[in-house]
Amino acid sequence: MVQQAERTADSTPREIDARLTELLETCVEGLRGPLTIRALTGGRSNPTFLLHAQGRCFVLRSRPAGASSPSAHRIDREVRILQALEGSEVPVPRVLLHVADASYFGAPFYLMTLVDGEAIEDPALPDLPISLRTRAYHQAIEILASLHKLSPDAIGLAGFGGQGDYNARQLARWSGQMASDGGAPPALLELGSVLSRTLPHQTRTSIVHGDYRFGNLLQSEGAISAVLDWELSTLGDPFADLAYFLLPFDLPRSGHLLPGLADTHLPGSGIPDPDALAARYCRATGLPLPPGWPAYRAFALYRTAAIAHGVFHRRTAGALAAHQAGQLDELAEIGLAILGRTAPLP
């Protein structure tokens, strides 16, 4: 959900019909037609658009028109958490309108404010000055800590997540998906087996983002201006969020799936050491790192590999190419090494 002037998935603006224009003009103060809309890249699985009105721009985010599963693409959940976080120390766009009636746009949608900023996918933040890299990492940690310190009940998010242990649910979900798709390489299956015995039980419940990384953080003039893409948010284990944010430090710079920082010389780069970032998070939250912290790190790798496995499976109709299996093996072997294990022989 990158809210910036950028290359678009469909750069040709198209007009909004009279019925939708009338709805938006009636419900959103200061919005006046004529209206045009164009698709933004970066919306992940929920299509995201830049809406141009007279003198103003907004962001429109919708459920995919062809979505069939009622449990997928829950933009109503995104609306709920964005509204709950408004005014908190977690910067988010302001929701202006939520329309559940699919007849207006072909799918339910919501409209929100446009936030200035740029989302940077590369965790090395190569285009930022050294001092701003440090600031960005420190701010990202502080915002994550602020999110995890919020009481879900106090901001209207009681019951926002599923029941039962979050870590066990997540492990079962991704292991089950890979088993259903088939073809997972042995090292990845071994990592899942080890995690089933070592991944800690959830001991604290917080609001978790689920995909917290720089690619979902807007930066403007050296400061983080908004946290985007809340479609995976739920109530869960805060250390899962922390481990996922620190995932690049376990990935090689030349990684095929995601660029990492494991072989980057950090001193002098402005990028803090991951242990220092984890310590900063612990100071901000008042929580010590759990004894099973390495398993959280390994699970972040496992989850990333499981998601990639699903993408590969859909692209190849089930038969993974050798280079795809190799990319999954790379992540699995890093995870096993963190846990003091080695990959099984092929």
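In our numbering, the protein residues as written are 912 to 1257. Heads up, the beta-carbon is just placed ideally off N, CA and C, and yes, glycines get one too.
Next item on the list: Provide the residue(s) that pair with Q1130 in DSSP beta bridges, ordered along the chain.
Entry: E1029 and I1135, per the DSSP bridge assignment.
Check: Which same chain residues, not among the five before or five after I1249, have their C-beta less than 6 angstroms away from its C-beta?
Finding: Hits under 6 angstroms: P1205, R1208 and A1209.
Note to self: Helix, strand or coil for I1052? Go by DSSP, reduced to three states.
What the structure shows: Looking at I1052 - three-state DSSP - the assignment turns out to be helix.
Notebook entry, point to check: Tell me, which residues are paired with T1109 by DSSP?
Noted result: Looking at the DSSP assignment, T1109 forms no beta bridge with any residue, so it has no partner.
Margin query: Could you compute how far the alpha carbon of Y1155 sits from the alpha carbon of T952?
Written below: Looking at the backbone, the Cα of Y1155 and that of T952 are separated by about 23 angstroms.
Check: In or out: E1241 buried (at least 16 other Cβ within 10 Å) or exposed?
Finding: Around the beta carbon of E1241, 16 or more other beta carbons sit within 10 angstroms, so the residue counts as buried.
Check: Just curious, the beta strand (DSSP E) that G1147 is in, first and last residue?
Finding: Counting along the chain, G1147 sits inside the beta strand (DSSP E) bounded by residues T1145 to G1147.
Next item on the list: Determine the direct distance from the alpha carbon of R925 to that of P1185, and round the result to whole angstroms.
Entry: So the two alpha carbons sit approximately 45 angstroms from each other.
Note to self: For a test of the three-state rule: what should DSSP assign to F1262, helix, strand or coil?
What the structure shows: With the chain represented from 912 up to 1257, any question about residue 1262 goes unanswered, as that position is not in the structure.
Notebook entry, point to check: Excluding sequence positions up to five away, which residues of its chain have a Cβ less than 6 angstroms from the Cβ of Y1077?
Noted result: Contacts found: Q1113, G1147 and D1148.
Next item on the list: Work out the CA separation of R1115 and A1079 for me, nearest whole Å.
Entry: Rounded to the nearest whole angstrom, the CA to CA distance from A1079 to R1115 is 14 angstroms.
Margin query: Ignoring anything shorter than 4 residues, give me the alpha helix (DSSP H) runs that lie fully in the region 1190–1245, in order along the chain.
Written below: With a minimum length of 4 residues, the continuous alpha helix (DSSP H) runs that stay inside the region 1190–1245 are 1204–1227.
Check: If we ignore side chains and look at the alpha-carbon of each, how far apart do T1265 and L1162 end up?
Finding: Because the chain spans 912 through 1257 in this model, residue 1265 falls outside it and cannot be assessed.
Next item on the list: With DSSP as the reference, label I948 as helix, strand or coil.
Entry: Three-state result, I948: strand.
Check: Hey, quick one: how far does the beta strand (DSSP E) through T959 stretch, first residue to last?
Finding: T959 -> beta strand (DSSP E) spans T959 to A964.
Check: Are the region 964–978 and the region 999–1017 touching, with three or more C-beta to C-beta distances below 8 angstroms?
Finding: Yes, since at least three Cβ pairs between the region 964–978 and the region 999–1017 fall closer than 8 angstroms, the two stretches touch.
Margin query: Using a Cβ-Cβ distance cut-off of 7 angstroms, determine whether I986 contacts chain C.
Written below: Here there is only one protein chain, and chain C is not present.
Checklist line | Reduced DSSP secondary structure (H/G/I, E/B, other) of A940 | finding: Inspection of the sequence shows that residue 940 is occupied by Glu rather than by Ala. It is coil, neither helix nor strand.
Checklist line | R1044 and L1036 closer than 7 angstroms at C-beta | finding: With a cutoff of 7 angstroms on beta-carbon distance, R1044 and L1036 are scored as near each other.
Checklist line | I1258 versus Y1015 - alpha carbon distance | finding: Absent from the structure is residue 1258, since the part of the chain shown begins at 912 and ends at 1257.
Margin query: If you follow the beta strand (DSSP E) that V1010 is in, where does it begin and where does it stop?
Written below: Note, V1010: beta strand (DSSP E), V1006 to V1010.
Checklist line | Exposure of E1142, with buried meaning 16 or more beta-carbon neighbours within 10 Å | finding: Buried.
Note to self: Any contact between the region 1010–1028 and the region 1118–1137? By contact I mean 3 or more CB pairs, one from each, below 8 angstroms.
What the structure shows: Three or more beta-carbon pairs drawn from the region 1010–1028 and the region 1118–1137 are found closer than 8 angstroms, and the two stretches are therefore classed as touching.
Check: Near A1018, what residues of its chain come up, given a Cβ to Cβ distance below 6 angstroms and the 5 sequence neighbours on each side ignored?
Finding: Result list for A1018: S973, R974 and A976, in chain order.
Next item on the list: Enumerate in chain order the residues of its own chain whose CB-to-CB distance from A1236 is below 6 angstroms, with the five nearest sequence positions on each side excluded.
Entry: Take A1236, set aside five residues on each side of it, and the residues of its chain with a beta-carbon closer than 6 angstroms to its own are P1096, in chain order.
Checklist line | Proximity below 7 angstroms, CB of G852 to CB of L1231 | finding: What the structure shows of the chain is the stretch from 912 to 1257, and residue 852 is not part of that stretch, so it cannot be assessed.
Notebook entry, point to check: Can you give the beta carbon distance from A995 to L1068, rounded, assuming they're within the 8 angstroms contact cut?
Noted result: Their Cβ separation, rounded to whole angstroms, is 5 angstroms, which keeps A995 and L1068 in contact under 8 angstroms.
Next item on the list: Indicate the three-state DSSP secondary structure (helix, strand or coil) for I992 in the structure shown.
Entry: Three-state result, I992: helix.
Notebook entry, point to check: Is G966 near the ligand SAH, with its Cβ less than 6 angstroms from a heavy atom?
Noted result: The ligand SAH is absent from the structure shown, which contains no ligand whatsoever.
Checklist line | Same chain, Cβ closer than 6 angstroms to D1174, five either side skipped, listed in chain order | finding: If we look at D1174 and ignore the five residues flanking it on each side, its Cβ neighbours are P1163 and R1164.
Next item on the list: Could you pull out every residue in the same chain whose Cβ sits closer than 6 angstroms to the Cβ of W1085, ignoring the five residues on either side in sequence?
Entry: Counting only Cβ-Cβ distances below 6 angstroms, and skipping sequence neighbours, we find R1214 and A1217.
Next item on the list: Under 8 angstroms Cβ to Cβ from R918, same chain only, skipping five residues before and after it: list those, please.
Entry: Confidence at R918 is low in this model, with a pLDDT of 36, below 50, so the placement of that residue should be treated as unreliable; the coordinate-derived value is given next. T952.
Notebook entry, point to check: Are the beta-carbon atoms belonging to P1159 and L1172 less than 7 angstroms from one another?
Noted result: Taking 7 angstroms as the cut-off, the beta carbon of P1159 is found closer than this to the beta carbon of L1172.
Next item on the list: Would you check if the distance between the CB atom of A863 and the CB atom of L1102 is smaller than 7 angstroms?
Entry: Lying before the first or after the last residue shown, residue 863 is absent from the chain, which here runs from 912 to 1257.
Margin query: With a threshold of 6 angstroms on Cβ separation, who are the neighbours of V1010 within its own chain once the five nearest residues in sequence on each side are excluded?
Written below: For V1010, where only same-chain residues beyond five positions count, the Cβ hits under 6 angstroms are F1020.
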